[in-house]
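Chains as they are written, first to last, in our numbering: chain A, -4 to 212; chain B, 125 to 353; chain C, 50 to 272.
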Amino acid sequence: MVTGALLALSVFGVFFVAPEDADQGVIQKIFYFHVAIAMVALLAFLVAAIEGIRYLRDRNPRHDDVSSVCVGIGLAFSVLVVVTGSIWAKASWGTWWVWTDPRLVTFVIVLLLYAAYFVLRSSAEGERQARYSAIYSIAAFASVPLSFYSVRVARSFVHPVVFNSSGANMPDSMLVWFAVGQVAMIGVFLTALQLELIQLRADRALRRVKARLEAAA
Amino acid sequence: MSPSWPRQLRALLLKDLRLELRTRDTIVAMLLFSVVAMMIFQFAVGSRGDDLTEVAGGILWATLALTAVLGVGRSWVPEREQRVLDGILVAPVSRLVLLVSKVGAIYAYLLVVEVIAVPLAALFFIRGGQASDLLLVAAVCLLANLGIAVLGSLLACLALFARARELLLPVLFLPSLLPVVIAASGATHAVAGGTNDLAEYRGYLLFLGVYAVIFGLVAYATYDHVFDD
Amino acid sequence: MRRFGERRAVDRVDVDLRAGECLAVLGPNGAGKSTLLRMVATLLRPDAGEIVVCGAPLPDKAGAARRAIGYLGHDPLIYLDLTARQNLELYADLYGLDDPRDRVDAALDRVGLLARSFDAARTFSRGMAQRLGLARALLHDPRLLLLDEPYAGLDAAGARLLDGVLADLGPDRAAMMVTHEVERGVRLAGRVLVLRAGRPVLAEATAETDGAAFRARYEELVA
């Protein structure tokens, strides 16, 4: 509920209240979501790695559940990042894809990294599945900054730098709506996480009941 | 009272090298593969004519990355055959020693391949290079191999008992290997691509070192859980 | 207790093995015998419950436990492309044995493979390979022998040898043997534990027990 309201508010704010960018026009609006989604994707992968570590510590399957659901959400958000980034690239540079933008390219690598997570998951079983997934979620998260830096040093910096060391590089009214959008996206993440976990546990309970019924029959 | 780990490490490493010397399965396949891969890349970018100095670093490291996947995929095969791993795991061997021994074996395989493949790449693709550049490229190899071997031996464990493990390992391994390919080919290009940019070279080398350290830490943090069924 | 998914493979097993004792674990296929043995051998981590090997609780003191354990499974657990001697030398180094050369020689001699010690294990027959596996398991003079169907691959000479080892454990050593050969288990072991679907259904001393008579009871238990 709160998430929905926040999301509606941020959409409203972004499109009707925030000032239009001087040289990029209405398409610049996508930036509010693009960046917020990217941040949430990284947050999801961070949570996945932390839950991975916690799983290895105490072998509580709950941590594995959270970790795997986070990777799933992060993956979905990464797809959105690449899609919105591509739209933006078309608008500002006239082409759907640029290899010169390290952030966008990094997210494609991230997609590959975490898609492999599910390949690994489907290939292992039982306790091993959870343990291997946890180890891989940690290794994959370590790969993210390495990929980013390697892609970055490889190429130039066409990407509009929004935050720099001297603070946010945008008018205050944009910043406010950017913050609202970011909070809304984190809300979406938390809601999705909760729903997925509920579904996962319900699935498992259902399977257990089925197994018992079969055993009884 | 615990058995000394240097002795264990030596024994495990010696065992891998002995097995490889006896069967020569892995190294021969890796060598042939690397030569064929370089040929393929040459034809893929071949419209530039005879002088491929510009892209030689890229071709070399794309080739070596793919070759590494091949070698890493074979690295735990002796332990999987006849379930010998059980025998090793029942012995009082730290899992860290076991993992490090495999890192050493993979490192050695890569080195052997590079001793052949790097001069060959120079011969095939570089025009007007200097022999001294080979030494600088050798340094790139020594450092890049470390990261490849550390990450490779860890991920190969995860794929060890998986269904369709031959397919799983490249999918797991290559995305994480991308930074090595970028940095190592960048470093190679910096010294052999006709520009001789030593500052850039050092930067890439530093990155390769950081890469190896980070995955070393990841492996160190997780090694105890890899074999802990 | 060890769960595989929803199924409990081994549940509520409580065994106390004393020095000098030999325990035979019997039961039909899938009863959880091997799982139990692999848990004691530090190869599997129990989901619940505790295991102590020679005073070392698992998994915290697994290193100390592993030094005391000798494990022999269906497979000899040797590298087929190494020679018999190289295999044993590797294990001698892993266990940190003193005088590895003499120990390896003695072990090879004991299983009758000294003459073939420089041949690759790949050239060995199944029985010879399993004898080499037995030499590997006994190499460091383990205080606890864990045997999983050890007779399955052994030839007559190897079986006689293992019979001798089990009959003459001495006061400091113990053995735990998983087998489906009921008579042999009863004859060699001082005690038996019968598992069925992961649960213990019988545990008793068998010093005076007649193998054939026990077999009839066993069939009834696990049917």
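Using N, Cα and C, we set each Cβ at its ideal position, and we do this for glycine too.
Linking Thr101/A to Asp198/A through their CA atoms gives a straight-line distance of about 34 Å. Counting the other CB atoms within 10 Å of its CB gives Ser138/A a total of 16 or more, which places it among the buried residues. For Lys82/C, the CB contacts under 6 Å within the same chain, skipping 5 residues up- and downstream, are Val74, Gly76, Val227, Leu244 in chain order. If you check the CB distance, Gly247/C and Glu70/C do not come in under 8 Å. Proximity of the region 186 to 194 of chain B to the region 152 to 165 of chain B meets the contact definition, three or more beta-carbon pairs being nearer than 8 Å. When DSSP reads this structure, Thr132/C sits in a beta bridge with Ala169/C. Counting along the chain, Arg326/B sits inside the alpha helix (DSSP H) bounded by residues 322 to 350. Within 9 Å of the CB of Asp124/C, the CB atoms of chain B belong to Gln206, Arg207, Val208, Asp210, Gly211, in sequence order along the chain. Judged by DSSP secondary structure, Tyr120/C falls within the beta strand (DSSP E) whose first and last residues are 118 to 121. For the region 100 to 115 of chain A, the beta-carbon criterion of a distance under 7 Å to any beta-carbon of chain B is satisfied by Ile104, Leu107, Leu108, Ala111, Val114, Leu115.
Going by beta carbons, Ile183/B and Val146/A fall outside the 8 Å limit. For Val217/B, the residues of chain C that pass the 7 Å Cβ criterion are Leu143, in the order they occur in the chain.
The Cβ of Tyr27/A sits no closer than 8 Å to any Cβ of chain B. By the Cβ criterion, the region 172 to 183 of chain C is in contact with the region 113 to 128 of chain C, since at least three pairs of Cβ atoms, one from each stretch, lie closer than 8 Å. The C-beta separation of Tyr200/C from Ala206/C comes to about 12 Å, leaving the pair out of contact by the 8 Å criterion. Ser118, Ala119, Glu122, Arg123, Arg126, Tyr127, Ala129, Ile130, Tyr131, Ile133, Ala134, Ala135, Ala137, Ser138, Leu141, Ser142, Tyr144, Ser145, Val146, Val148, Ala149: these are the residues of the region 117 to 151 of chain A whose beta carbon lies less than 8 Å from some beta carbon of chain B, given in chain order. Here Ala308/B is actually not in contact with Leu293/B; their C-beta atoms are around 20 Å apart, not less than 8 Å.
Boundaries of the alpha helix (DSSP H) around Leu301/B: 289 to 316. Taking a Cβ-Cβ threshold of 8 Å, the residues of chain A close to His349/B are Leu51, Arg126, Ala129, Ile130, in chain order. Arg209/C carries a helical assignment under DSSP once its states are collapsed to helix, strand and coil. Against chain A, a Cβ distance below 7 Å from Ser128/B picks out nothing, because the smallest value is about 28 Å. Comparing alpha carbon positions, the residue from Arg134/C, Ala224/C, Glu99/C closest to Pro149/C is Arg134/C. In the DSSP annotation of this structure, the continuous segment of the beta strand (DSSP E) that includes Arg240/C starts and ends at 240 to 245.
Contacts with chain A at 8 Å (Cβ-Cβ) do not include Pro202/B. With fewer than 16 other beta carbons inside 10 angstroms of its own, Ile193/A counts as exposed. Counted as a single uninterrupted DSSP element, the alpha helix (DSSP H) harbouring Pro130/B occupies residues 129 to 147. By the beta-carbon neighbour count (other beta carbons within 10 angstroms, threshold 16), Ile250/B is buried. One thing to note: Val274/B has its Cβ within 8 Å of the Cβ of Phe339/B.
Beyond the five residues adjoining it in sequence on each side, Gly333/B comes within less than 7 Å, by CB distance, of Leu267 in the same chain, given in chain order. Selection Arg171/C, Asp151/C, Leu146/C, Met177/C evaluated against Gly161/C yields Met177/C as nearest (Cα-Cα).
DSSP places Glu253/C in the strand class (E or B) of the three-state scheme. Pro191/C carries a coil assignment under DSSP once its states are collapsed to helix, strand and coil.
Val102/C has Ala105/C as its beta-bridge partners, per DSSP.
Here Arg67/C carries a coil assignment [DSSP, helix/strand/coil].
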